[in-house]
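Residue numbers (our numbering), protein chains in the order written: chain Z, 679 to 794; chain D, 37 to 148.
Here it is, written out as structure tokens:
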């Protein structure tokens, strides 16, 4: 596609419910990243995919967070038993040359998650 | 570990004023450095980047030079416009990993 797309753009959920956030990267980009943007913490890295595997999950804040990527394309970030501190904007990015100095990550518009 | 420090905002300037947003970094090896911009209601967009020492990134009248001796990547623009009002993020990508490390962001408001 023309750019990284994410859905939904906004999600309001009740504490304790599970949510799924979707990311559709730029066509042909092998690398996909999830970040979280919150007022208190700024922009934090969550997880990196190369193809369908995730060599770096170091930023996932707890075992309630998981992500998968299928077909080397679409990725889903799942948050189980949501907590109020999970409220944030979840950003997805993709790139074509991960690990190279020339690589550039392109970001989607984000999903704003509000946990009541 | 890697980290980025950028000046606190908000920064308020009059149109046509000179802009500097300071950014310093701590990293192992030879990182690539980036400035991203987030306009109101929009996603993060790459503004400019530099991949090695003394490189200058430039775009839309903005410039930043990769200074290894001072571990800095300050963003400058000679004459800001109202349309430059946004939040600016400095970031680095180390050569030992894939994640971007971001600064906290600097909010810029340009008034007519």
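Cβ coordinates follow ideal geometry from the N, Cα and C atoms, glycine included.
- In the three-state scheme derived from DSSP, where H, G and I count as helix and E and B as strand, residue 762(Z) is classed as helix.
- Contact annotation for residue 779(Z) against chain D: 66, 67, 68, 87, 88, 129, 131 [CB-CB distance below 9 Å, chain order].
- The contact set of residue 783(Z) on chain D, defined by CB atoms closer than 7 Å, consists of 136 in chain order.
- Remark: fewer than three beta-carbon pairs, one from each stretch, lie closer than 8 Å, so the segment 44 to 53 of chain D and the segment 684 to 704 of chain Z are not flagged as touching.
- Residue contact with chain Z for residue 141(D): present (Cβ-Cβ distance below 8 Å to some residue of chain Z).
- Residues of chain Z whose Cβ lies closer than 9 Å to the Cβ of residue 78(D) are, in chain order, 787.
- Per DSSP, reduced to three states, the secondary structure at residue 767(Z) is strand.
- Rounded to the nearest angstrom, the gap between the Cα atoms of residue 750(Z) and residue 738(Z) is 20 Å.
- With a cut-off of 8 Å on Cβ pairs, the segment 715 to 722 of chain Z is not in contact with the segment 52 to 64 of chain D, counting fewer than three such pairs.
- Measuring C-alpha to C-alpha distances from residue 716(Z) to each of 776(Z), 783(Z), 765(Z) identifies 765(Z) as the nearest.
- CA-CA distance, residue 746(Z) to residue 123(D), rounds to 30 Å.
- If you draw a straight line from the Cα of residue 785(Z) to the Cα of residue 744(Z), it comes to about 20 Å.
- In the structure shown, residue 119(D) falls within a helical segment according to DSSP collapsed to helix, strand and coil.
- Of the residues assessed, residue 714(Z) falls on the buried side of the cut-off, its CB having 16 or more other CB atoms within 10 angstroms.
- Annotation for residue 92(D): the continuous beta strand (DSSP E) segment containing it runs 92 to 95.
- Taking a beta-carbon distance threshold of 8 Å, residue 723(Z) counts as an interface residue toward chain D.
- For residue 684(Z), the enclosing beta strand (DSSP E) has its first and last residue at 683 to 685.
- Listed in chain order, the non-local C-beta contacts of residue 782(Z) below 7 Å within the same chain comprise 773, local neighbours out to five positions each way being set aside.
- Closest in C-alpha terms to residue 129(D), from the list 775(Z), 769(Z), 687(Z), comes 775(Z).
- Take residue 115(D), set aside five residues on each side of it, and the residues of its chain with a beta-carbon closer than 6 Å to its own are 52, in chain order.
- Taken atom to atom, the span from the alpha-carbon of residue 779(Z) to that of residue 735(Z) is near 21 Å.
- Here the alpha carbon of residue 38(D) sits roughly 7 Å from the alpha carbon of residue 137(D).
- The beta carbon of residue 69(D) sits closer than 6 Å to those of 86, 102, 109, 128, all from its chain and outside the five residues before and after it, given in chain order.
- The secondary-structure analysis by DSSP pairs residue 125(D) across a beta bridge with 72(D).
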